[in-house]
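Accompanying notes for the structure given below.
2 protein chains.
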Amino acid sequence: MAGVPRRVTIREVAVDSGLSIATVSRALTGSRPVGPEIAQRAQESAARLGYRTDSIGRSLRTQRTNTLGLVIPDIANPFFPSLVQAVERAARDQNLSVLIADAANDPGVEQAALRSLIDHRVDAVLISPSHLTASRAAITESMAAVPLVQIDRVIDNSLPYVRANQSRPVQQLVSHLRARGRRHFAFIAQPDTIATSFERESAFRELMTDVPLRVVSAETSAGSGRGAVRELMSRWPEIDAVICANDLLGVGALRELRTLGRAEVAVSGYDDTLIAEALGLTSVRQPVDELAVAAISAVLTPDMAATRRELECAVIFRESTG
Amino acid sequence: MAGVPRRVTIREVAVDSGLSIATVSRALTGSRPVGPEIAQRAQESAARLGYRTDSIGRSLRTQRTNTLGLVIPDIANPFFPSLVQAVERAARDQNLSVLIADAANDPGVEQAALRSLIDHRVDAVLISPSHLTASRAAITESMAAVPLVQIDRVIDNSLPYVRANQSRPVQQLVSHLRARGRRHFAFIAQPDTIATSFERESAFRELMTDVPLRVVSAETSAGSGRGAVRELMSRWPEIDAVICANDLLGVGALRELRTLGRAEVAVSGYDDTLIAEALGLTSVRQPVDELAVAAISAVLTPDMAATRRELECAVIFRESTG
DNA sequence: TTGAAAGCGCTAACAG
DNA sequence: CTGTTAGCGCTTTCAA
Chain U
8 MAGVPRRVTI
18 REVAVDSGLS
28 IATVSRALTG
38 SRPVGPEIAQ
48 RAQESAARLG
58 YRTDSIGRSL
68 RTQRTNTLGL
78 VIPDIANPFF
88 PSLVQAVERA
98 ARDQNLSVLI
108 ADAANDPGVE
118 QAALRSLIDH
128 RVDAVLISPS
138 HLTASRAAIT
148 ESMAAVPLVQ
158 IDRVIDNSLP
168 YVRANQSRPV
178 QQLVSHLRAR
188 GRRHFAFIAQ
198 PDTIATSFER
208 ESAFRELMTD
218 VPLRVVSAET
228 SAGSGRGAVR
238 ELMSRWPEID
248 AVICANDLLG
258 VGALRELRTL
268 GRAEVAVSGY
278 DDTLIAEALG
288 LTSVRQPVDE
298 LAVAAISAVL
308 TPDMAATRRE
318 LECAVIFRES
328 TG
Chain C
8 MAGVPRRVTI
18 REVAVDSGLS
28 IATVSRALTG
38 SRPVGPEIAQ
48 RAQESAARLG
58 YRTDSIGRSL
68 RTQRTNTLGL
78 VIPDIANPFF
88 PSLVQAVERA
98 ARDQNLSVLI
108 ADAANDPGVE
118 QAALRSLIDH
128 RVDAVLISPS
138 HLTASRAAIT
148 ESMAAVPLVQ
158 IDRVIDNSLP
168 YVRANQSRPV
178 QQLVSHLRAR
188 GRRHFAFIAQ
198 PDTIATSFER
208 ESAFRELMTD
218 VPLRVVSAET
228 SAGSGRGAVR
238 ELMSRWPEID
248 AVICANDLLG
258 VGALRELRTL
268 GRAEVAVSGY
278 DDTLIAEALG
288 LTSVRQPVDE
298 LAVAAISAVL
308 TPDMAATRRE
318 LECAVIFRES
328 TG
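So the protein lines, in turn, are chains U and C.
Adding 7 to a residue's 1-based position in the first sequence gives its number in the numbering used here.
Adding 7 to a residue's 1-based position in the second sequence gives its number in the numbering used here.
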């Protein structure tokens with residue numbers, strides 16, 4: 008890296024202000040009371056010299072970094088940027104920084120990411136696990152080194168979590184559609200190794216115990232959603248409502264139904280990403296800000312090991328379920 | 008935060024292995040040669056005790072953090088997650104971590120983010136500035152403290168950058184459409200304080216010097232794209248091709264044109280996000296991986312102050328320009 | 001090749 | 001309220 012001027016140290020501020028290092032430290036951090044004009048002098052010197060506390064030195068001493076690690080399964084999944092945003096906002100309110108790590112949908116990468124965060128000595132880790140089972144080992148291992156809370160996706164109920172109820176929105180969707188005359192439901196699922204997705208699918212299955220069950224699996228992509236719709240409509244042409252495990256699938260479904268001349272079929276997505284609003288796709292909004300706030304306040308409390316929070320989603324009805 | 012077991016230090020490894028601290032350090036980092044069986048002993052002890060180098064201690068000593076800061080203008084803009092992903096991959100290949108900071112489209116937040124990164128002593132900063140002019144001050148200020156390179160968006164040619172040419176794709180788009188018989192072009196722009204967007208718009212304007220110029224401004228959202236299309240089509244019903252400054256706008260345009268019964272109008276977006284592929288929207292793919300690799304290799308070289316790299320985009324033709 | 005010791009910048013314990 | 005001093009964990013002179 009290129010050469011950069013050496014930083015001003017607290018020692019230089021002390022010399023400049025004619026105070027001791029300790030006093031300057033106290034004046035700047037406010038950790039203990041200092042005389043008013045002394046404080047003034049310290050602050051003025053610091054400002055004039057352009058002093059900024061070196062967080063490395065501080066962290067070495069305090070054994071805290073004021074940094075949170077956030078592990079997300081896949082930043083390319085449009086839901087997670089909004090979670091990242093929410094966590095950053097909530098963290099900033101607590102004067103915390105966030106180290107973001109993307110697991111790229113790979114538990115191996117996820118494990119490496121966790122280790123890297125721990126090596127960077129983050130004060131706590133928020134993780135949305137990439138895989139229902141394969142993420143377990145790395146999480147257990149990490150918990151020995153750092154406070155950790157599952158956020159949004161939860162793969163182990165015995166470990167701290169902050170989640171959103173994923174069943175209720177599916178129930179609301181179905182009853183809303185039934186009230187409007189829809190009778191023949193289908194569900195396009197993502198891999199059931201995705202915790203939230205598994206719950207959405209289960210909720211749908213439970214609602215269909217008395218009626219024909221129409222579920223088809225897909226990957227997390229619009230293309231896959233199109234294929235799923237083709238399969239559904241050819242097997243069960245009577246379908247009049249398709250519930251999708253996420254927005255990308257919903258977009259694909261919408262498009263393919265139009266192609267098939269079946270645009271009258273109701274479609275819903277999940278996660279309420281930009282794309283849903285853009286296309287008038289009914290979707291489910293997760294309370295990302297509240298999740299973030301709750302998760303951060305959890306890792307900040309001493310008894311965070313007891314954290315089990317469940318929040319509620321909101322169904323956003325749009326034209327696609329007109 | 009919850010209580011966590013104290014970490015194993017290098018001192019304990021030294022005691023356990025019967026070696027000196029210095030030797031253990033050398034054996035583990037390979038910074039200097041050590042005797043073969045000595046190395047063996049050190050590594051074995053370290054492994055058995057579960058020792059992991061404390062990066063805080065190391066950083067304080069070495070004055071390096073092996074961490075890069077990446078400032079993006081808006082993580083909610085679907086282009087940036089892909090840039091983040093690319094930078095993380097490229098960084099991982101160099102054993103670097105990435106601290107991501109979202110400017111939330113606000114130069115004030117951006118400035119705070121830069122300071123925070125510098126306070127965290129990142130070794131270098133990659134930034135995609137949020138604003139053509141308002142981002143300047145913070146960047147100039149930061150350059151005094153840390154090597155910095157503009158990535159993708161460049162607002163100051165006199166400072167290091169790694170960018171993608173934004174004009175050529177617009178030229179290609181127009182000539183492709185002309186070759187297929189389109190004659191009446193329009194452009195939906197984003198605020199021209201977005202560096203890349205400004206360049207895209209300028210390219211379009213230059214191509215239209217001999218023909219009627221039809222440009223309308225919009226915000227970065229699908230809803231805004233719809234409104235823009237309504238305005239365009241009412242002012243110039245003869246329009247048969249609409250080029251949009253990004254994919255979100257393109258989606259809105261596509262939808263509104265369908266609503267207006269003008270689905271025959273060609274539409275293109277920009278950035279080639281998931282949404283473009285999902286909807287068959289012609290778009291422009293920026294070389295994010297190459298940008299990331301080039302930016303990182305730039306900040307790693309001593310003469311990075313001289314970095315001026317321009318890469319090429321690829322136009323991805325899809326049904327929307329059928 | 002190995003070890004002893006200094007010291008990165010900071011905060012906190014201890015004196016005064 | 002202020003100053004002196006130790007020491008966080010590590011790497012790297014400097015000596016042997």
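C-beta atoms are modelled at their ideal positions from N, C-alpha and C, and glycine is treated no differently.
State the DSSP-derived secondary structure class of residue i, mapped to helix, strand or coil.
i                        : result
leucine 37 of chain U    : Checking the sequence shown, residue 37 of chain U turns out to be glycine, not leucine. Note: glycine 37 of chain U maps to coil in three-state DSSP.
glutamate 319 of chain C : coil
alanine 152 of chain U   : coil
aspartate 310 of chain C : coil
valine 161 of chain U    : coil
threonine 200 of chain U : coil
threonine 266 of chain U : helix
arginine 292 of chain U  : strand
serine 260 of chain C    : The question names serine, yet the displayed sequence has alanine at residue 260 of chain C. In the structure shown, alanine 260 of chain C sits in a helix (DSSP, three-state: H, G or I).
valine 15 of chain C     : coil
alanine 9 of chain C     : Bear in mind that a pLDDT of 49 at alanine 9 of chain C, under 50, signals an unreliable position, so the model cannot answer this.
arginine 170 of chain C  : strand
serine 62 of chain U     : helix
aspartate 23 of chain C  : helix
serine 52 of chain U     : helix
glycine 115 of chain U   : helix
threonine 328 of chain C : helix
proline 88 of chain C    : helix
proline 176 of chain C   : helix
threonine 69 of chain U  : helix
histidine 183 of chain C : helix
threonine 280 of chain C : coil
leucine 298 of chain U   : helix
threonine 30 of chain C  : helix
alanine 141 of chain C   : coil
proline 136 of chain U   : coil
Identify the residues that DSSP records as bridge partners of residue i: which are they?
i                        : result
aspartate 109 of chain U : U:Ile79
alanine 193 of chain U   : U:Val249
alanine 131 of chain U   : U:Leu75
serine 275 of chain C    : C:Ile250, C:Thr289
serine 104 of chain U    : U:Thr74
Validate contact between the region 83-94 of chain C and the region 35-51 of chain C using beta carbons, cut 8 Å, 3 pairs: By the C-beta criterion, the region 83-94 of chain C is judged not to be in contact with the region 35-51 of chain C, since fewer than 3 inter-stretch pairs fall below 8 Å.
The region 147-165 of chain U: positions lying closer than 8 Å to chain C by Cβ: Those would be Ala151, Ala152, Val153, Pro154, in chain order.
Inside the region 206-243 of chain C only - alpha helix (DSSP H) runs reaching at least 4 residues: Fully enclosed alpha helix (DSSP H) runs of 4 or longer: 229-242.
Under 7 Å (Cβ pairs) to chain U, residues found in the region 95-110 of chain C: Here the close residues are Glu95, Ser104, Leu106, Ile107, Asp109.
Interface positions of the region 279-297 of chain U facing chain C (Cβ-Cβ less than 8 Å), listed along the chain: For the region 279-297 of chain U, which is checked against every Cβ of chain C, the residues closer than 8 Å are Leu281, Ile282, Glu284, Ala285, Leu286, Gly287.
Inter-stretch contact at 8 Å, needing at least 3 Cβ pairs: the region 125-135 of chain C / the region 57-75 of chain C: Proximity of the region 125-135 of chain C to the region 57-75 of chain C meets the contact definition, three or more beta-carbon pairs being nearer than 8 Å.
Contact residues within the region 51-64 of chain C, judged by C-beta distance below 8 Å to chain U: Taking 8 Å as the Cβ-Cβ cut-off against chain U, the residues of the region 51-64 of chain C that qualify are Arg59, Thr60, Asp61, Ser62, Ile63, Gly64.
The region 298-305 of chain U contacting the region 157-175 of chain U, beta-carbon criterion three pairs below 8 Å: Yes, they touch.
Residues of the region 112-128 of chain U whose Cβ lies closer than 7 Å to any Cβ of chain C, in chain order: Against chain C - using a Cβ distance shorter than 7 Å - the residues of the region 112-128 of chain U are Ser123, Asp126, His127, Arg128.
Where the region 220-242 of chain U meets chain C: residues whose CB sits under 7 Å from a CB there: Ala229: these are the residues of the region 220-242 of chain U whose beta carbon lies less than 7 Å from some beta carbon of chain C, given in chain order.
Interface positions of the region 250-266 of chain U facing chain C (Cβ-Cβ less than 8 Å), listed along the chain: Answer set for the region 250-266 of chain U: Leu255, Val258, Gly259, Arg262.
Residues in the region 19-34 of chain C having any Cβ partner in chain U nearer than 7 Å: If the cut-off is 7 Å between Cβ atoms, the region 19-34 of chain C has nothing near chain U.
Inter-stretch contact at 8 Å, needing at least 3 Cβ pairs: the region 313-321 of chain C / the region 298-317 of chain U: They do not touch, by the three-pair rule.
Contact between the region 226-235 of chain U and the region 245-263 of chain U (3+ Cβ pairs under 8 Å): Result yes; three or more Cβ-Cβ pairs closer than 8 Å.
Contact the region 173-190 of chain C vs the region 198-218 of chain C: 3+ CB pairs below 8 Å: Cβ pair count under 8 Å is three or more, so yes.
Meets three-Cβ-pair contact criterion under 8 Å: the region 54-61 of chain C and the region 112-119 of chain C: Result no; under three Cβ-Cβ pairs closer than 8 Å.
Chain C contacts from the region 74-85 of chain U (Cβ-Cβ distance under 8 Å): Answer set for the region 74-85 of chain U: Thr74, Ile82, Ala83, Pro85.
Cβ pair count under 8 Å reaching 3, the region 185-199 of chain U against the region 163-174 of chain U: No, because fewer than three Cβ pairs between the region 185-199 of chain U and the region 163-174 of chain U fall closer than 8 Å, the two stretches do not touch.
Members of the region 190-215 of chain U near chain C, C-beta cut-off 9 Å: Those residues of the region 190-215 of chain U that come within reach of chain C (Cβ to Cβ, closer than 9 Å) do not exist; the list is empty.
Contact list for the region 36-52 of chain U against chain C, Cβ threshold 9 Å: With the criterion set as a beta carbon lying under 9 Å from some beta carbon of chain C, the region 36-52 of chain U has no members that meet it.
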